[in-house]
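Read the structure below first, then the notes.
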């Protein structure tokens, strides 16, 4: 790691950090996804959880996810300053020092794991601890700068929250929680590769071996299509488990048809056309991918609610 972040901060001069700067360290957008998928995992589980226990569990899972974000910003400050998308983060912007980001991340990691174990169970706490380790050490410190498959393997870190939520309720792991994990795991590559198609210059400048940098945009488009097809198989597979229901099946069929149609469109695009129109289709696919994941998990929640009301199939 270079000392770029230190140089930037010293040139920028001391800046007093506010609450918002420390909160931004926790990557609130990513944390919102962690909270939502973990909550769905908890609520669709077959074992009821006391509302207070559930609230505490989701809070500590969110804090653990935020801790991962702080440690990611600590380690990645040298490349964050280079990338347009990340240069405004608290560390490269000189609002929070690397040392402070590290201290916040370590302290919140330890607190979240211990408190989740005490509030719920140690299986859930162990999964949370492994998630933090995987994101910070396996993905951030190793895979991200080493292989174009970084986001494929590293996507596991963002896929664990529903498993953690399920473990909070049941104290274990099941085929349902593994498939919820698999949804996010298989969704992550096409989601981030779509982003890389129109943010490739950022990754090139930062020296991050994203697939678009190492193999080019054409190969990336092919990979997006392949993973989108595999993702459809995984998501539809949940329909045959205890947590699948009519709302989920209808949602999954519709969203997969839309997503595959978009992936085929990206695959057929040539680079001259894409560059000329500012990568509009790629940006649209990226936005649809966010809706895709949200609606799949929301549909699981809807079917669970129908089951509670005695309206499920």
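Numbering (the working numbering), first residue to last: -9 to 303.
Using N, Cα and C, we set each Cβ at its ideal position, and we do this for glycine too.
All figures in this text were calculated on a predicted structure; none of them were measured in a lab.
Could you pull out every residue in the same chain whose Cβ sits closer than 7 Å to the Cβ of residue i, ignoring the five residues on either side in sequence?
i: residue 231; result: 165, 166 and 169
i: residue 27; result: 151, 152, 174 and 287
i: residue 88; result: -5, 64, 67 and 81
i: residue 186; result: 193, 200, 201, 202 and 210
i: residue 176; result: 217, 220, 221 and 224
i: residue 189; result: 75
i: residue 285; result: 241 and 245
Taking only three categories from DSSP, how would you classify residue i?
i: residue 101; result: helix
i: residue 248; result: helix
i: residue 150; result: coil
i: residue 156; result: helix
i: residue 344; result: Nothing can be reported for residue 344, as the shown portion of the chain is limited to -9 through 303.
i: residue 6; result: coil
i: residue 183; result: helix
i: residue 82; result: coil
i: residue 88; result: helix
i: residue 299; result: coil
i: residue 345; result: This structure does not reach residue 345, given that the chain is present from -9 up to 303, and the question cannot be answered.
i: residue 285; result: helix
i: residue 218; result: helix
i: residue 169; result: helix
i: residue 233; result: coil
i: residue 270; result: helix
i: residue 112; result: helix
i: residue 66; result: coil
i: residue 164; result: coil
i: residue -4; result: Legend: pLDDT at residue -4 = 39, less than 50; position of this residue unreliable, no value from coordinates given.
Would you kindly check if the distance between the Cβ of residue j and the Cβ of residue i is under 9 Å?
i: residue 20; j: residue 54; result: no
i: residue 210; j: residue 249; result: no
i: residue 163; j: residue 147; result: no
i: residue 158; j: residue 51; result: yes
i: residue 117; j: residue 143; result: no
i: residue 34; j: residue 281; result: no
i: residue 77; j: residue 7; result: no
i: residue 276; j: residue 213; result: no
Does residue i pass the burial test, meaning 16 or more other C-beta atoms within 10 Å, or should it be called exposed?
i: residue 1; result: Residue confidence is low: residue 1 scores 42 on pLDDT, short of 50, so the model does not pin down where it sits. Its coordinate-derived value is still stated next. That one is exposed.
i: residue 207; result: buried
i: residue 272; result: buried
i: residue 13; result: exposed
i: residue 108; result: exposed
i: residue 126; result: buried
i: residue 263; result: exposed
i: residue 298; result: exposed
i: residue 22; result: exposed
i: residue 323; result: With the chain running from -9 to 303 in the structure shown, residue 323 is simply not present.
i: residue 267; result: exposed
i: residue 79; result: buried
i: residue 124; result: buried
i: residue 41; result: exposed
i: residue -3; result: Because residue -3 carries a pLDDT of 42, less than 50, the predicted location of this residue cannot be relied on, and the following value inherits that uncertainty. So residue -3 counts as exposed.
Please return the same chain residues whose Cβ sits closer than 6 Å to the Cβ of residue i, not counting the five positions on each side in sequence.
i: residue 138; result: 199, 201 and 204
i: residue 99; result: 57 and 122
i: residue 4; result: Unreliable positioning characterises residue 4 in this predicted model, as indicated by a pLDDT of 46, which lies under 50. A coordinate reading is not provided.
i: residue 37; result: 159 and 160
i: residue 110; result: 47 and 158
i: residue 234; result: 228
i: residue 246; result: 222
i: residue 226; result: 242
i: residue 119; result: 103
i: residue 115; result: 103, 106 and 107
For residue i, I'd like the list of residues in its chain whose CB is within less than 8 Å of its CB, leaving aside the five on either flank, ordered along the chain.
i: residue -6; result: Below a pLDDT of 50, predicted positions are generally treated as unreliable, and residue -6, at 41, falls in that range; no measurement from the model is reported.
Does the beta carbon of residue i sit closer than 9 Å to a beta carbon anywhere in chain B?
i: residue 60; result: You won't find chain B in this structure, because it holds only one protein chain.
List the whole-angstrom C-beta distance separating residue i from residue j, where the pair is believed to meet the contact cut-off of C-beta under 8 Å.
i: residue 64; j: residue 91; result: 4 Å
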